[in-house]
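Heads up: the sequence lines are chains A and B, in that order. With the working numbering, the residue at position 12 of the first sequence is 12, and numbering never jumps. So the mapping is simple: the working numbering equals the position in the second sequence, first residue as 1, plus 328. Note that beta-carbon positions come from the ideal geometry of N, C-alpha and C, so glycine has one too. Note that the coordinates shown come from a computational prediction; the quantities given were computed from them, not determined experimentally. Each remark here refers to the structure printed beneath this line.
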Amino acid sequence: MNTLKNLQLDATGNLRHFLTIEGLKRQTLVDILDLAESFANIKAQAVKKVPLLRGKTVVNLFFENSTRTRTTFELAAKRLSADVLNINITTSAASKGESLLDMLHNLEAMHCDMFVVRHADSGAAHFIAQNVAPHISVINAGDGQHAHPTQAMLDTFTIRRHKGDFGDLRVAIVGDILHSRVARSQIHALNTLGVGEVRVIGPKTLLPMDHRSLGVHVFHDMESGLAGVDVVIMLRLQRERMEGGLLPSEHEFFQRYGLTGDKLKLAKPDAIVMHPGPINRGVEISSEVADGPQSVILEQVSNGIAVRMAVMAMALGRQPGAETGRET
Amino acid sequence: MTTPLQHDLDRVLAGMAARLRATLEERGITAPLMIGIHTGGVWVARCLHQLLGIEEPLGTLDISFYRDDFERIGVHPQVKPSNLPFEVEDRHIILVDDVLQTGRTIRAALNEIFDYGRPASVLLGILVERSGRELPICADVAGLSMDLSPSEQVKLTGPDKLTLSLKRVK
């Protein structure tokens, strides 16, 4: 973990890669949220762009499909005036037998500045960050069951916008925690930012064994788990889990862990409902709740652009020396 | 080493307001908008906005995302949001900052304003115009002019009582 932590930061402690929330200080996360807040205002401009990354090239390296994550990364890079290259690996040279490192070196030779990596294997972004040329920044856009740090930051950004201080909050994450990189990153981010209580709710087969070391309280039923919470985060139930025999049926899962209007009444009256998407209506969440007044699911999507702009700007605008005063 | 400067800034600001009024009249501008640049420029603009009796609210600009030294110094997380509570399209704008030195901040501010729309004109009001220009930018109205060496920095403190000081940097 130590090398992973050092890999993300340069010698002066600034963000160089963004691979995982683990090992980052609270101040770094707060800086990302603050900067994202400023970027969120750009939508007021007629020209929804700032020239920060003009002349930089960002490569979306997606080894695994994800329309929402890829498009918000693409929009974020474009609103920073960077050029964007989208590479869908399933249809590229990888299928012709070119090795991953060969492909990376080719992209380096084309003078790219940032790789945004999505991969089905845990540790893929980390591996790439270890093997790229020194001027290249790597952003993890989701690796296997390990981490999805920008998702966690957009979620905490959304929570902060609605709830302000993190200290007094109770946040419940519901569903398949065990296989979810989103949940893992959310738990790290929420704990680093000092959230009062993080709860996870789900069947025993879908909860991690090491929940104590993760710093969460475990619940196996919605009735006690949702009582008095300020934020409910629903996770997508991956249908392939059903085939692995970890779950009896979609119907039964919805009965016990699906978020309906009635179950939401157990939370605080002003609780917000979140979901990283894509949602399975009628499996983990009812349409009544997903489209209801407490849902901030679409806001999460908009916030994802501002948060990804912040992470990209911080990683590419690193400073070799100390900050100078503002020029006048 | 920091030395306070003894200028009567109320008088300086009153003089700036009078000259801005004269310039507006000369150009036949009746309803200008005012935009101050964070942080010191907003303090100066607040005073001028009041002295000129501008009805529309004051706009504020943080030019961090438009700076030309991003590669060198990165972006500071505490960027104050820009807030232009009006349409700039076809309007006459008075842009205000505290100190004009290299001209790079004004270049960045103009770029940012143009991303909101195409103003009819922009006037530049500056509290302290000093030596050190690196771009072809000059103030339309300046409160004070100072001939300073590159190692000297003039700094405005506020916002309650505006005062100027001179700092020597090595």
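Asked, Found
"Opposing strand residues paired with A345 of chain B [DSSP bridges]", "Its beta-bridge partners do not exist; DSSP assigns none."
"Residue from A:V84, A:V296, A:T57, A:E288 whose Cα sits closest to the Cα of L154 of chain A", "A:V296"
"Rounded separation between E353 of chain B and L472 of chain B - CA only", "22 Å"
"Bounding residues of the beta strand (DSSP E) (the contiguous stretch that carries A141 of chain A)", "137-143"
"Sequence-distant residues of its chain with Cβ nearer than 6 Å to Q8 of chain A (five each side left out)", "H17, L19"
"Alpha-carbon to alpha-carbon, V497 of chain B and L193 of chain A", "38 Å"
"M329 of chain B burial status per 10 Å Cβ neighbour count (16 or more: buried)", "exposed"
"Selected residue, minimal CA-CA separation from P478 of chain B, among B:V340, B:Q429, B:G343", "B:Q429"
"Buried or exposed (CB count within 10 angstroms, at least 16 for buried), A120 of chain A", "exposed"
"CA-to-CA distance, A82 of chain A to A313 of chain A, given in whole angstroms", "10 Å"
"L389 of chain B - partner residues in DSSP beta bridges", "B:I365"
"L206 of chain A versus L235 of chain A: straight-line alpha-carbon distance, rounded", "11 Å"
"Distance CB(L316 of chain A)-CB(S137 of chain A) smaller than 8 Å", "yes"
"Proximity to I357 of chain B [Cα-Cα], best of B:D338, B:C375, B:L380, B:D425", "B:L380"
"Cross-chain neighbours of K49 of chain A in chain B, by beta carbon under 8 Å", "D443"
"Beta-bridge pairing of K495 of chain B - partner residues as DSSP gives them", "B:T330, B:Q481"
"Validate contact between the segment 214-229 of chain A and the segment 160-167 of chain A using beta carbons, cut 8 Å, 3 pairs", "no"
"Best match in A:M110, A:D102, A:I89 for proximity to V117 of chain A [C-alpha to C-alpha]", "A:I89"
"Positions along the segment 32-46 of chain A whose CB lies within less than 9 Å of some CB in chain B", "I32, L33, D34, L35, E37, S38, F39, A40, N41, I42, A44, Q45, A46"
"Beta-carbon spacing of A310 of chain A, A109 of chain A below 8 Å", "no"
"Reduced DSSP secondary structure (H/G/I, E/B, other) of F442 of chain B", "helix"
"Simplified DSSP state of V30 of chain A, which is helix, strand or coil", "helix"
"When B:R355, B:H366, B:G460, B:L376 are compared against Q481 of chain B, the one with the closest alpha-carbon", "B:G460"
"S287 of chain A, buried or exposed, once every other Cβ within 10 Å from all chains shown has been counted against 16", "exposed"
"Within-8 Å CB hit, S410 of chain B to chain A", "yes"
"Collapsed DSSP secondary structure at A470 of chain B in the structure displayed", "strand"
"Secondary structure of T260 of chain A, DSSP reduced to three states", "coil"
"Chain B within 8 Å of E327 of chain A, Cβ atoms only", "In this prediction, E327 of chain A scores a pLDDT of 42, lower than 50, which makes its location untrustworthy; no coordinate-derived value is stated."
"Pick from A:I285, A:I21, A:A125, A:R212 that is closest to H251 of chain A, judged by C-alpha positions", "A:I285"
"Chain B contact for G317 of chain A (CB, 8 Å cutoff)", "yes"
"Minimum Cβ-Cβ distance from A183 of chain A to chain B less than 8 Å", "no"
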